[in-house]
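Take a look at the structure set out below.
This is the structure:
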């Protein structure tokens, strides 16, 4: 697990309490500086939507630099539809969340095309988007 140093400290303690220290490692760091290299897969949940494109691209570049050529990236985020379909009960909430992101912490929600563009610019290929029963989707990417 890779997160901010103070979060990794808490995770390390909880991993130890659960008796899982032999299976998990918590590492503290900064995704804007570097990401630990050589993992089979990288998972970013609720990370990319926190940032505008320039910062999101910096994170994705660092993940790509750390990835093996056979590695995978899973981005778990809301994916905005390109258009609103009548009767889609999840769409209004997605757009409300997008407005909230823009007004409060910064960042934003993105469409599949916008994710594809970011991933491409970071040297990654969007392999597929897997919808889930909730408002989130799993965006799978691999090295381009």
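In my numbering, the protein residues as written are 1 to 144.
Ideal placement from N, C-alpha and C gives every residue a C-beta, glycine not left out.
Per-residue burial, residue i [other beta carbons within 10 Å of its own, 16 or more giving buried]
i: residue 49; result: buried
i: residue 24; result: exposed
i: residue 52; result: exposed
i: residue 17; result: exposed
i: residue 41; result: exposed
i: residue 60; result: buried
i: residue 145; result: A query on residue 145 cannot be resolved here, the shown segment of the chain reaching from 1 to 144 and no further.
i: residue 64; result: buried
i: residue 122; result: buried
i: residue 13; result: exposed
i: residue 141; result: buried
Residue i versus residue j: straight-line alpha-carbon distance, rounded
i: residue 32; j: residue 131; result: 28 angstroms
i: residue 135; j: residue 128; result: 16 angstroms
i: residue 133; j: residue 80; result: 15 angstroms
i: residue 27; j: residue 104; result: 28 angstroms
i: residue 68; j: residue 87; result: 42 angstroms
i: residue 115; j: residue 58; result: 14 angstroms
As assigned by DSSP and simplified to three states, the class of residue i
i: residue 125; result: strand
i: residue 66; result: helix
i: residue 111; result: strand
i: residue 10; result: helix
i: residue 139; result: strand
i: residue 72; result: strand
i: residue 80; result: strand
i: residue 119; result: helix
Identity of the residue in the options nearest residue i by Cα
i: residue 83; options: 113, 70, 2; result: 113
i: residue 126; options: 106, 38, 111, 86; result: 111
i: residue 124; options: 58, 143, 133, 107; result: 143
i: residue 137; options: 77, 106, 120, 6; result: 77
i: residue 46; options: 66, 9, 74, 35; result: 74
i: residue 35; options: 133, 66, 86; result: 66
i: residue 107; options: 56, 115, 62; result: 56
i: residue 43; options: 85, 133, 71, 10; result: 71
i: residue 21; options: 1, 6, 140, 38; result: 1
Residue i CB to nearest heavy atom of the ligand ADP below 6 angstroms
i: residue 104; result: Summarising the ligand content, the structure contains no ligands, and the ligand ADP is consequently not present.
Neighbour flag for residue i against chain D, beta carbons, 7 angstroms
i: residue 38; result: Annotation note: the requested chain D is absent from the structure, which comprises a single protein chain.
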